[in-house]
Amino acid sequence: MVATGLLDHPFKEAYASKAGALPGATHAWVDGLRQTARALLNTAGLPGPKTEAFIFTPVSDLAKIPFIPAASADDVDVRDVPLNVPRIAGASRIVLVNGVLNAALSDNIAVEGLRVESLKQVLARDTLSVKPLLGGLAASASLPLVALNTAYMADGLVIRAGKNFAGAMLHVISIGAAGAEPVAFHPRNLVALEPGAQLTLIETHVGLPGQNYLTNPVTEISLAENARLKRYVSVAEDDDAFHFATTSVALSAHSTFNAFHAGLGGGKVRQEVRAAFLGTGSSAIVNGVYALSGKQHHDFTTAMDHAVPHTTSSQLVKGVVDGQSRAVFQGRVLVDRDAQKTDARQLHKAMFLAKGPAVDCKPELEIFADDVQCAHGAATGELDENHLFYLMARGIDRDTARALLVSGFLEDVLESIGDEQVREAFSALVQGWLKRRAMRRAA
Amino acid sequence: MIEIKNLHVSVQGKEILKGISLSINAGEVHAIMGPNGTGKSTLSNVIAGREGYEITQGSVTFAGQDLLAMEPDARARAGVFLAFQYPVEIPGVSTSAFLKTAINAKRRAEGLKEIDAMEFLKLVKAKTKALGIADDMIKRPLNVGFSGGEKKRAEVLQMTLLEPKFAVLDETDSGLDIDALKVVSDGVNALRGPERAFLVITHYQRLLNYIVPDHVHVMTGGRIVASGGRELALELEANGYAKYMAAA
Ligand SMILES: Nc1ncnc2c1ncn2[C@@H]1O[C@H](COP(=O)(O)OP(=O)(O)OP(=O)(O)O)[C@@H](O)[C@H]1O
Ligand SMILES: [Mg+2]
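Laid out in structure tokens, this is it:
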């Protein structure tokens, strides 16, 4: 049998020669994780359209691109953070170039109770403190992209907030920058909040223009009792870039996870967020917007796994699609037999701005408890004619009215961002997208 | 100011308006009363330019122009305003951004420069206060979560800000409490003047105690079946539409 995927490919070859140099290689348990992941990839390859979870977003075609590990691209020199990255007041900047911490561009973080380190550094030291996290929340066996990450992870961030840490705002900026050859990087991030700790994480993923790269970050987040994490992610990669991000969150009792994801560009993007509600009273909000043009592909996949009683998940995702773009929303909600009094809500709405795009929406509800409140909805359509008429009846011309409504359609979700400066920054990103669209149309 | 002549309108092949003729001069206030489903809102929507109505006969002329040939936004900029019976909720579009855009659309059409932020705030503040609208309402998304009465006040707020030449108020009084009815009526009366005209659609003659009409029309079955002065409204209140239904 000829295995598809990495096996016979430079992607794999390039890494194979580096395997010994990957961080943690000398630790048996880290090496074990990698070996398992590699074995899984070698047998299954990268998921194609026949793999259920990847029907709409097959990634097997990646094997055709001769990616080299990002660390081998010596010709990459990033001296500045791109201008389209918002400056968020009060947030410390942490800059990663091709998944590797760039100290020169990053702020110094010296806050009592908060530790921010590179995974590489941590693995060179005591691997035990990260052992429960690394591979503990995101399993290679069921998630092929996690397997890919685990096999080749070279660096990432380890962010830990101590007990009752009162809160800080971190802005992680990931810059993709290929050299002459396409590069791939697989950042592995670990976030742990101890009981009662609070943290706000902003993540901005961008790329230098005209670059062919693959970023495949995996973020494992552990929230102890009463911990509260807010995470705001925006992805605006270059049109030639691939971005597949998997986040796995484990929620202990009364912890909250408040996430917002914006998908505003990239050749092929998948943002997958998986939350496991393991303690009663835990709750998560996973909202998002996307705006796609050209031939962009964006996949927002969520999995809310309610395992215990009295937990809450709420998802509102709205997107607009233009050009020949393709949007995917897959929302899985699982309510275990024991998870009585679960409150799970999910709503996805997509708006067509042109005739060319396609939207695939697949809600999946698996409910095994009887005393639950679950609501899900999906709507795909064009701009509401009644809304348009209302605005025009006030003297607003058709184009302006349409622009106002499209903007409002997305702003509606942005309003859920509690931090004002973050909301404004994300709103500016969305408005920027709308402006570029208006300019394209005018041209 | 507005001249409706023998207007026949069908919706999905069904004739709703069966030959409406109505002429309203500048400075006048006309009221239309009529049972549910008679075509009052249909008439309003046709005047404002909503799609989906087939005009099979007749004409509407506004200030000498063929209104039916104009797009809804052009009608509005020319001075036509409809206070909707059921204003739509538009999530994500803030009331203030909407108001500003609408005001500027009108100003641009009049060759004026855009209103500056301070001037806008001052103007809106004065008008909201007069209409008993809470300050924070205009920060909220347009009509979203507004109570029935708040929506109606917001319609009148838009009208006072846009200062139309001809306004149709489609059941603006329904959903208003007794005090609000007075406040909103005062808002309308403040706009009354020799250069403006109003068409007030209502089910209750009580409104007409506040906004005193020059003419009252009874509409049933898509036709105007009787016209008269204020006393007609009182008579309707006492006796209902039975007599007119027979006529239709
Ligand atoms: N889009 C439509 N499709 C089908 N029928 C319609 C449509 N719009 C209006 N109608 C019908 O036209 C008739 C007149 O409706 P209209 O809303 O004009 O009545 P109205 O006089 O305003 O009533 P009310 O006093 O209840 O507001 C009704 O029978 C209504 O069902
Ligand atoms: Mg009506």
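Here the protein sequences come in this chain order: A and B.
So our numbering is basically just the index in the first sequence, starting at one, shifted up by 251.
So our numbering is basically just the index in the second sequence, starting at one, shifted up by 284.
Using N, Cα and C, we set each Cβ at its ideal position, and we do this for glycine too.
Discussion item. Checking 8 Å against the spacing of the C-beta atoms, do PHE511/A and VAL484/A come in under that value?
Written reply: Start at 1 with the first residue of the first sequence, and residue 511/A comes out as number 260. Start at 1 with the first residue of the first sequence, and residue 484/A comes out as number 233. The Cβ atoms of PHE511/A and VAL484/A sit closer than 8 Å to each other.
Worksheet item: Using a Cβ-Cβ cut-off of 6 Å (strictly less than) and excluding sequence neighbours within five positions of ALA295/A, which residues of its own chain qualify?
Response: On the first sequence, position 44 is the one that residue 295/A refers to. Result list for ALA295/A: empty, nothing under 6 Å.
Practice prompt. Compare the beta carbon distance of GLY376/B and GLY386/A with 8 Å and say whether it is the shorter of the two.
Written response: Here residue 376/B refers to the residue found at position 92 of the second sequence. Here residue 386/A refers to the residue found at position 135 of the first sequence. Going by C-beta atoms, GLY376/B is not nearer than 8 Å to GLY386/A.
Discussion item. For chain B, check one thing: does any of its Cβ atoms lie closer than 8 Å to the Cβ of ASN538/A?
Written reply: Numbered from its first residue, the first sequence carries residue 538/A at position 287. Cβ-Cβ to chain B under 8 Å: no for ASN538/A.
Practice prompt. If I'm right that GLY532/A touches HIS505/A with Cβ under 8 Å, what's the distance once you round it to whole angstroms?
Written response: Within the first sequence, the letter at position 281 stands for residue 532/A. Within the first sequence, the letter at position 254 stands for residue 505/A. Confirmed, about 4 Å.
Worksheet item: Nearest chain B C-beta to ARG482/A closer than 8 Å, yes or no?
Response: In the first sequence, the residue the question calls residue 482/A occupies position 231. So, not an interface residue.
Worksheet item: If you measure from the beta carbon of ASN509/A to each beta carbon in chain B, is any gap under 8 Å?
Response: Here residue 509/A refers to the residue found at position 258 when the first sequence is read from its first residue. For ASN509/A, the answer is no, since every Cβ of chain B falls outside 8 Å of its Cβ.
Discussion item. I'd like the list of long-range same chain contacts for THR255/A, defined as Cβ closer than 8 Å, with 5 residues on each side in sequence excluded.
Written reply: Locating residue 255/A in the first sequence gives position 4, where the first residue counts as 1. Confidence at THR255/A is low in this model, with a pLDDT of 41, below 50, so its placement is unreliable and the value that follows should be read with caution. Excluding sequence neighbours, THR255/A sits near GLY296, LEU297, GLY299, SER311, ALA314.
Worksheet item: Cα-Cα, which of VAL295/B, ILE286/B, ILE304/B is closest to HIS501/B?
Response: Mapped onto the second sequence, residue 501/B falls at position 217. Checked all of VAL295/B, ILE286/B, ILE304/B; the closest Cα to HIS501/B is ILE304/B.
Worksheet item: Is LEU655/A close to chain B, meaning its C-beta is less than 8 Å from at least one C-beta of that chain?
Response: Position 404 of the first sequence holds residue 655/A. Output row for LEU655/A: interface = yes.
Practice prompt. May I ask which residues mark the beginning and end of the alpha helix (DSSP H) holding SER328/B?
Written response: Here residue 328/B refers to the residue found at position 44 of the second sequence. First-last of the alpha helix (DSSP H) with SER328/B: 324-332.
Practice prompt. Kindly indicate if chain B contains any beta-carbon less than 8 Å away from that of VAL253/A.
Written response: Position 2 of the first sequence, counted from the first residue, corresponds to residue 253/A. For VAL253/A, the pLDDT reaches just 36, beneath the cut-off of 50, and the residue's location in the model is therefore unreliable, leaving the point undetermined.
Worksheet item: Residues bridged to VAL572/A by DSSP?
Response: The residue labelled residue 572/A in the question sits at position 321 within the first sequence. Paired residues: LEU543/A, PHE603/A.
Worksheet entry | Integer Cβ distance of LEU445/B from LEU366/B, believed to fall under 8 Å | By 1-based counting over the second sequence, the position of residue 445/B is 161. By 1-based counting over the second sequence, the position of residue 366/B is 82. In fact, because the Cβ distance is near 15 Å, the residues do not count as touching under 8 Å.
Discussion item. Using only Cβ atoms and a threshold of 5 Å, which residues come within that distance of a heavy atom of ligand 1? Order them by chain position.
Written reply: VAL295/B, ILE300/B, ASN320/B, GLY321/B, THR322/B, GLY323/B, LYS324/B, SER325/B, THR326/B
Fill in: Residues sharing a beta bridge with ASP611/A, DSSP
Along the first sequence, one-based indexing puts residue 611/A at 360. DSSP lists VAL579/A as partners of ASP611/A.
Practice prompt. Below 8 Å on the Cβ atoms is my guess for SER357/A versus VAL346/A; work out the distance and round it to an integer in Å.
Written response: By one-based count along the first sequence, residue 357/A stands at place 106. By one-based count along the first sequence, residue 346/A stands at place 95. With 8 Å as the limit, SER357/A and VAL346/A qualify as a contact, their Cβ atoms being about 5 Å apart.
Worksheet entry | Limits of the unbroken alpha helix (DSSP H) element including SER658/A | Position 407 of the first sequence, counted from the first residue, corresponds to residue 658/A. Where SER658/A is concerned, the enclosing alpha helix (DSSP H) stretches over 649-665.
Practice prompt. Pull up the distance between the alpha-carbon of ALA443/A and that of ALA412/A, whole angstroms please.
Written response: For the purposes of this step, residue 443/A is taken as the residue at position 192 of the first sequence. For the purposes of this step, residue 412/A is taken as the residue at position 161 of the first sequence. Going from the Cα of ALA443/A to the Cα of ALA412/A covers about 6 Å.
Item to complete: For ASP457/B, verify whether its CB is less than 7 Å away from any heavy atom of ligand 2.
Response: Along the second sequence, read from residue 1 onward, the residue named residue 457/B stands at position 173. No, ligand 2 has no heavy atom inside 7 Å of this Cβ.
Worksheet item: Where ARG588/A and ALA389/A are concerned, what is the direct C-alpha to C-alpha distance, given to the nearest angstrom?
Response: As a position in the first sequence, residue 588/A is number 337, starting the count at 1. As a position in the first sequence, residue 389/A is number 138, starting the count at 1. ARG588/A and ALA389/A: Cα-Cα distance of roughly 23 Å.
Discussion item. Here's the rule: buried if 16 or more other CB atoms are within 10 angstroms of the residue's CB, otherwise exposed. What is ARG334/B?
Written reply: Against the second sequence, residue 334/B aligns to sequence position 50. Counting Cβ neighbours within 10 Å, ARG334/B comes out buried, since at least 16 surround it.
Practice prompt. Check distances from the C-beta atoms of the stretch 643-676 of chain A to those of chain B and list, in chain order, the residues that come in under 9 Å.
Written response: Per Cβ criterion, the list reads MET643, ALA644, ARG645, GLY646, ILE647, ASP648, ARG649, THR651, ALA652, LEU655, LEU656, SER658, GLY659, PHE660, LEU661, GLU662, ASP663, VAL664, LEU665, GLU666.
Fill in: Residue from ASN538/A, THR552/A, ALA435/A with nearest C-alpha to ARG521/A
As a first step, residue 521/A is located in the first sequence; it is residue number 270 there, counting from the start. Nearest option by C-alpha distance: THR552/A.
Fill in: ARG520/B versus ILE495/B, HIS499/B, GLN489/B, residue with shortest Cα-Cα distance
On the second sequence, residue 520/B is found 236 positions in, with the first residue counted as 1. Rather than Arg, the amino acid found at residue 520/B in this sequence is Leu. Minimum Cα distance to LEU520/B is reached at GLN489/B.
Discussion item. Is there a Cβ of chain C sitting closer than 8 Å to that of TYR541/A, yes or no?
Written reply: Going by chain labels, chain C is absent from the structure shown, which instead holds the protein chains A and B.
Discussion item. Only counting the same chain, and skipping five residues up and downstream in sequence, which positions put a Cβ closer than 7 Å to that of ALA605/A?
Written reply: Looking up residue 605/A in the first sequence gives position 354. Around ALA605/A: ASP573, GLY574.
Worksheet item: Going straight from the alpha carbon of ASP406/A to that of ARG289/A, what length do you get?
Response: Position 155 of the first sequence holds residue 406/A. Position 38 of the first sequence holds residue 289/A. Cα-Cα distance, rounded: 17 Å.
Discussion item. If you follow the beta strand (DSSP E) that MET420/A is in, where does it begin and where does it stop?
Written reply: Start at 1 with the first residue of the first sequence, and residue 420/A comes out as number 169. In the DSSP annotation of this structure, the continuous segment of the beta strand (DSSP E) that includes MET420/A starts and ends at 420-427.
Practice prompt. Leaving aside the five residues before and after ASN290/B along the sequence, list all residues of the same chain whose C-beta is less than 8 Å from its C-beta, in chain order.
Written response: The residue given as residue 290/B occupies position 6 in the second sequence. Closer than 8 Å at the Cβ level, and outside the excluded window around ASN290/B, lie GLY303, ILE304, SER305, GLN341, GLY342, SER343.
Worksheet item: Under 7 Å from any heavy atom of ligand 2, does the C-beta of ALA462/A make it?
Response: Stepping through the first sequence from its first residue, residue 462/A is reached at position 211. Looking at the sequence provided, one finds Gln at residue 462/A rather than Ala. Distances from the CB of GLN462/A to the heavy atoms of ligand 2 are all 7 Å or more.
Worksheet item: When DSSP labels each residue in this structure, what does VAL428/B get in the three-state scheme?
Response: Stepping through the second sequence from its first residue, residue 428/B is reached at position 144. VAL428/B: coil per DSSP, three-state reduction.
Worksheet item: Does the stretch 623-636 of chain A come within contact of the stretch 662-672 of chain A, defined as at least 3 CB pairs closer than 8 Å?
Response: no
Item to complete: Indicate whether at least one CB of chain A lies closer than 8 Å to the CB of LYS390/B.
Response: As a position in the second sequence, residue 390/B is number 106, starting the count at 1. Cβ-Cβ to chain A under 8 Å: yes for LYS390/B.
Discussion item. Just to confirm, is the Cβ distance from MET503/B to GLY323/B under 8 Å?
Written reply: Residue numbering aside, residue 503/B sits at position 219 when the second sequence is read from its first letter. Residue numbering aside, residue 323/B sits at position 39 when the second sequence is read from its first letter. Yes, they are a contact pair.
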